[in-house]
Structures are given as C-alpha cells and as structure tokens.
Amino acid sequence: MTTTTQDNLYDVLSRRGLVSQVTDEKIRERLSEPVTLYIGFDPTADSLHVGTLVPIMVLAHAQRCGHKPIAVVGGATALVGDPSGKTESRKMLSREDIDYNARCIAGQIANIVEFNRPGEESPAGAVMVNNADWLTKLSWIELLRDYGAHFSVNRMLTMDSVKSRLDAESGLTFLEFNYMVMQAVDFLHLYKSLNCTVQMGGQDQWGNIVMGIELGRRVAGADLAGLTMPLVTKSDGGKFGKSESGNVWLDPKRTSPYEFYQFWRNTPDVDVKRYLGFFTFLPIEQVNELGALEGVEANKAKAVLAYEVTRLVHGQGEAEKAKDSAGKAFGATQDVTGEAIPHGALAASELGAGIGVVQLLVNAGLAKSNGEAKRLVTGGGVRVHVRVVSDIGQRVTPADVKNGYVLIRVGKKRLFRFDVR
RNA sequence: GGGCGGAUGCCAGAGCGGCCAAAUGGGGUGGGCUGUAAACCCACUGGAGAAAUCCUACGCAGGUUCGAAUCCUGCUCCGCCCA
Numbered sequence: 018m019t020t021t022t023q024d025n026l027y028d029v030l031s032r033r034g035l036v037s038q039v040t041d042e043k044i045r046e047r048l049s050e051p052v053t054l055y056i057g058f059d060p061t062a063d064s065l066h067v068g069t070l071v072p073i074m075v076l077a078h079a080q081r082c083g084h085k086p087i088a089v090v091g092g093a094t095a096l097v098g099d100p101s102g103k104t105e106s107r108k109m110l111s112r113e114d115i116d117y118n119a120r121c122i123a124g125q126i127a128n129i130v131e132f133n134r135p136g137e138e139s140p141a142g143a144v145m146v147n148n149a150d151w152l153t154k155l156s157w158i159e160l161l162r163d164y165g166a167h168f169s170v171n172r173m174l175t176m177d178s179v180k181s182r183l184d185a186e187s188g189l190t191f192l193e194f195n196y197m198v199m200q201a202v203d204f205l206h207l208y209k210s211l212n213c214t215v216q217m218g219g220q221d222q223w224g225n226i227v228m229g230i231e232l233g234r235r236v237a238g239a240d241l242a243g244l245t246m247p248l249v250t251k252s253d254g255g256k257f258g259k260s261e262s263g264n265v266w267l268d269p270k271r272t273s274p275y276e277f278y279q280f281w282r283n284t285p286d287v288d289v290k291r292y293l294g295f296f297t298f299l300p301i302e303q304v305n306e307l308g309a310l311e312g313v314e315a316n317k318a319k320a321v322l323a324y325e326v327t328r329l330v331h332g333q334g335e336a337e338k339a340k341d342s343a344g345k346a347f348g349a350t351q352d353v354t355g356e357a358i359p360h361g362a363l364a365a366s367e368l369g370a371g372i373g374v375v376q377l378l379v380n381a382g383l384a385k386s387n388g389e390a391k392r393l394v395t396g397g398g399v400r401v402h403v404r405v406v407s408d409i410g411q412r413v414t415p416a417d418v419k420n421g422y423v424l425i426r427v428g429k430k431r432l433f434r435f436d437v438r
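Here the working numbering is used: the first residue of the first sequence is 18, the next is one more, and so on.
Here's what the structure looks like:
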C-alpha cells in the first residue's frame with residue numbers, strides 16, 4: 018500500500034478526472050516533493066457513504082505518491098450544528114457522539130488509507146485529527162485579535178457559497194458564515210502544527226479552502242495551496258449515492274456488501290468510466306479500456322467496478338461473495354443460493370398454515386409497510402420463485418418450498434431468500 | 001425595536017371554510033421495452049384493515065364553526081423593508 022511511485026499526484030488525479038480546480042498553477046511542481054495535505058470529513062453520522070469515498074480515494078492516491086495525508090474530522094463544526102441545511106440539518110451532537118462517530122469513520126478510512134500505528138511513524142503514514150481539539154480552546158477575543166482583521170467580509174461576500182445563500186430564501190446565518198472562518202483557522206493550525214501545506218476537498222469547499230490559504234499567508238506568511246475535486250453526479254441528474262433503501266453506506270451493518278456491490282453494478286453506462294477512475298485504483302489504461310466498452314459489453318466494466326469498490330471497502334472475501342452471489346442470481350442459472358444473497362430463516366412450523374405474501378415481504382424488509390407490500394403485489398412486481406403473485410391475499414405454504422427455501426422477488430433486482438427449517 | 005410577508009407530504013410548490021390524504025413537477029418504487037444500462041411509455045407513492053371504515057398529517061398551542069391546511073389569538077422559526 019505504501020509503495021511510493023514516481024507519479025506526480027496532480028497527474029494521477031488529473032488523469033482520473035479528480036481535479037476540478039487548483040489555487041496554484043504550479044501545483045504540480047509543488048507536489049513533486051512530498052508534502053503534508055489534508056481533507057476534512059463531517060462526523061455527523063457513524064458511517065461514511067459512497068459520496069465521501071472520493072476524498073478518501075484522493076487521500077490514498079496522495080499517500081501512494083509519497084505524501085502525508087491528514088484526515089480532519091470536523092468535530093467543532095458538528096458541535097455547533099447547523100440549523101439551516103435544507104434537508105436534515107446537521108444536528109447538534111454531543112462530544113461523545115462526535116468522538117464515537119470519528120472512531121467509526123477512522124476505521125472506514127483506514128481500510129483504504131494507511132494510518133500510522135502507535136509508536137511507528139512513517140513519513141507518509143496518515144493521521145487523523147479533530148478540529149474540536151483546537152477550535153474549542155480558542156476564545157472569542159483571541160479569535161478576533163489574532164485573525165479577525167485578516168478576514169475581509171467584502172471578500173467573503175464574493176464567495177459563491179455565500180452569494181448563493183444571500184439571495185436564497187433561507188438566507189445565511191452568522192453561524193454558517195463562520196464555517197469558513199473555522200475551516201480557515203483549521204488550515205492555519207495544521208500548517209503550524211504539522212506543516213500541512215495543501216488542502217483538498219469537494220468543489221463546494223473552494224471558498225473555504227481559499228480563505229484558509231489567505232489567512233495562512235497573512236498571519237504566518239505561509240505558502241499554501243488547495244485543490245478541489247468535482248462533485249460526483251449521476252448523468253441523469255439524480256443524486257449520487259442513493260438507492261431504493263436510501264443512502265449507500267460504507268458500514269456493512271447499514272448497507273450489506275451485496276447491496277453495496279449491486280449499487281455499483283447498476284451504474285448507468287455513461288458513468289462507468291468516470292466511476293472507475295474515481296473509485297478504483299485500477300491503472301488508468303485499464304480504466305480507459307473498460308470505459309470504452311459499449312453496449313452489452315459495458316456490463317463487464319460494471320462488474321469490475323462493483324467488484325473493485327466492494328473489495329476496497331469490504332475486503333476481498335466479501336467482494337468475492339457478493340460477486341459470486343450476484344453473478345449466479347442474475348446469470349443464466351438464476352441460482353439464488355449464494356451466501357451473500359439477502360436471506361433469513363423461516364420456521365417450517367410457521368409456514369405450516371401458510372403465511373401471507375404481504376407479511377413475508379415486510380418480514381424480508383422488501384416493503385416498509387403492509388400497504389407498500391400490497392401495492393407491490395397489485396402492481397405485479399412480486400414473485401414467489403418465478404411465479405408472479407397478483408393476489409394480495411395469497412399465502413405461501415409448504416408447497417412453495419423448493420430445495421429448502423422460498424424465494425421472494427420484488428422487481429428485477431431485489432430479492433430475499435427464506436431458508437426453511 | 002417597528003412594518004409586511006411566509007411556514008404544506010422525501011424535495012419544490014398549489015390550495016386559502018366542506019368535493020383535501022391535499023393539484024402539479026421532481027425524486028423514488030413497480031410494470032412495459034432492454035443489457036441487472038440510458039431514453040421513452042404506463043401505474044403507484046401516510047399507517048392499520050379483506051373491506052366498510054378508522055387513525056395520523058398541512059410550524060407549535062389554543063379558539064371560532066355542524067365542519068378548518070384554509071378564519072381568529074398567542075408562541076416559535078424564516079424572509080423582505082424601515083430604524
């Protein structure tokens with residue numbers, strides 16, 4: 018993992034379509050020497066999701082190019098919360114919650130990026146820090162005295178992130194306005210404490226990154242730089258990272274490796290090449306080759322994508338199982354006995370008198386409510402084994418057990434196997 | 001501090017006393033077509049129930065009315081303008 022290559026990080030990212038903007042035209046030269054760089058992560062949940070996979074990949078690429086990555090957990094940000102945020106606003110979290118989330122997130126990042134082990138410091142070993150550690154110690158007066166004069170509100174008002182909010186209906190609160198101040202202070206702090214000179218982040222972080230660079234220059238005469246990654250979008254404009262069951266998480270308890278694999282396997286044709294570049298470490302030549310496949314062939318590329326990403330996040334064993342199970346279930350054999358296929362036990366005694374399909378759908382988690390299950394049946398989307406069920410009163414009986422299991426399918430892709438004992 | 005406007009379902013956004021579980025669009029799900037793709041067409045999209053029906057829901061708390069998402073009062077939050 019830590020093999021240092023001759024590749025320049027900028028070239029690597031650029032070839033993979035991972036560079037959106039850079040603050041310094043000479044970023045390439047800057048990266049020809051090992052540097053310390055950082056990306057921030059939001060600890061608002063105890064798991065990251067596929068959207069946050071991009072920054073993790075970027076940290077890993079940086080490490081492979083010999084740089085030292087820092088993952089910054091935005092504990093301070095989560096501590097103050099965010100009342101705005103159209104959808105589920107960042108909830109105000111307790112210090113304990115944040116620490117817990119940070120540990121979970123660190124574990125997930127550690128699957129892909131190599132962290133320093135206690136006691137042995139390697140030059141490119143990643144470290145994780147929490148900005149609550151320094152931001153909570155900073156007093157209001159100190160902040161104003163040391164940094165206040167270095168922030169130009171005029172300048173801040175020109176930032177896109179601010180401008181868009183000023184005329185938006187929701188407005189912009191002072192609290193949110195201060196996020197960029199906090200993030201700027203973070204950058205300065207990391208520069209001073211760890212000699213971190215490069216910050217990376219999603220395209221939406223551009224303004225915050227720039228503020229940090231400017232603060233560093235004014236306060237410490239530092240020469241800092243930033244690079245942003247494009248936001249991951251779906252070609253059809255939909256939100257990336259959502260599936261039938263909501264967010265696609267990295268935590269196997271939230272999103273099973275099988276579902277995870279399926280999420281990637283179902284990538285639209287036009288997005289496959291981009292995703293291969295973003296979410297796998299396959300050499301760029303192979304990415305281009307796979308990405309060039311057209312028509313039915315594109316499915317091969319999707320299978321590779323799904324396998325590779327699953328392997329990165331859940332390990333080879335889980336990836337193999339998911340691939341194998343999915344391959345059999347969707348292949349000519351329609352074999353659904355795979356280990357990774359969602360399944361559960363069903364007592365033979367329970368089945369004796371027959372169980373309503375609706376009930377089974379809910380038990381299997383294929384429908385959230387009886388109503389939804391009924392709608393699915395009425396819509397012709399439910400099958401027991403291969404037979405379509407059209408009557409919501411239909412019961413599944415021992416006669417439906419084949420080879421020791423009852424298979425319930427919803428649509429073409431979702432299925433659940435009840436192993437009867 | 002004052003004036004005005006606003007708060008509706010996953011999101012956006014109609015409704016402005018009964019016909020409202022709430023138009024329309026997006027999203028999502030199911031069907032058709034396919035390649036576990038896209039585009040397109042159709043349907044569904046609060047909960048319980050076989051159904052009748054019942055329950056929950058239009059920022060929060062009360063009130064008026066036979067009847068309220070709709071009217072009134074107070075509160076909370078947001079926007080705009082004035083100071």
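Where a beta carbon is used, it is the ideal one built from N, C-alpha and C, also for glycine.
Residue i versus the options, residue with shortest Cα-Cα distance
i	options	result
Q279	S139, H167, R431	R431
G68	W281, V399, E306	W281
K257	V144, N283, Y275	The identity of residue 257 in the sequence shown is Phe, whereas the question assumes Lys. Here the closest residue by C-alpha is N283.
L48	G34, D59, S37, R81	R81
V353	F132, I409, Y275, Q200	Y275
A346	G410, L35, R426, A79	R426
A79	P140, R112, F58	P140
N148	E138, Q216, G312, M199	M199
D408	T395, H402, V249	T395
A381	L363, D41, G369	L363
Coil, strand or helix - residue i by DSSP
i	result
D116	helix
T284	coil
T61	coil
G382	coil
G34	coil
D240	coil
D41	coil
T104	Unreliable placement is indicated for T104, whose pLDDT of 33 sits below 50; the coordinate value is still reported in the next sentence. Coil.
E131	coil
G332	coil
V144	strand
R438	coil
G361	strand
T245	strand
V405	strand
E311	coil
F433	strand
E306	helix
E367	helix
E137	strand
N25	coil
F257	coil
Those residues which DSSP pairs with residue i across a bridge
i	result
P86	L54
K419	Y422
I372	V413
V399	V427
W266	H66
Sequence-distant residues of the same chain with beta carbon closer than 7 Å to residue i, five excluded per side
i	result
L205	G229, L232, G233, V236, A237
T272	V265, W266
E356	K338, S342
H66	G258, N264, V265, W266, L267
Y422	R434, F435, D436, V437
A384	L378, A390, L393
K270	none
N387	V375, V379
G308	V289, K290, L293, A318
Y208	T214, G233, A237, A239, L241
Close Cβ partners of residue i (< 6 Å) along its chain, the five nearest in sequence each way excluded
i	result
S178	G224
V418	V437
T53	K85, L211, N212, C213
T414	G371
G63	Looking at the sequence provided, one finds Asp at residue 63 rather than Gly. So the list reads N118, C121, once near-sequence residues are dropped.
Q411	V374
Y324	A336, K340
G57	V89, G91
V36	L30
Close beta carbons around residue i, own chain, < 8 Å, minus the five adjacent residues each side
i	result
D150	G92
M145	I87, A88, V89, V90, A119, A123, I126, F132
A315	D286, V289
Original post:
Taking only runs of the beta strand (DSSP E) that begin and end inside the stretch 157 to 220, which ones reach a length of at least 3 residues, in chain order?
Top reply: 213 to 219
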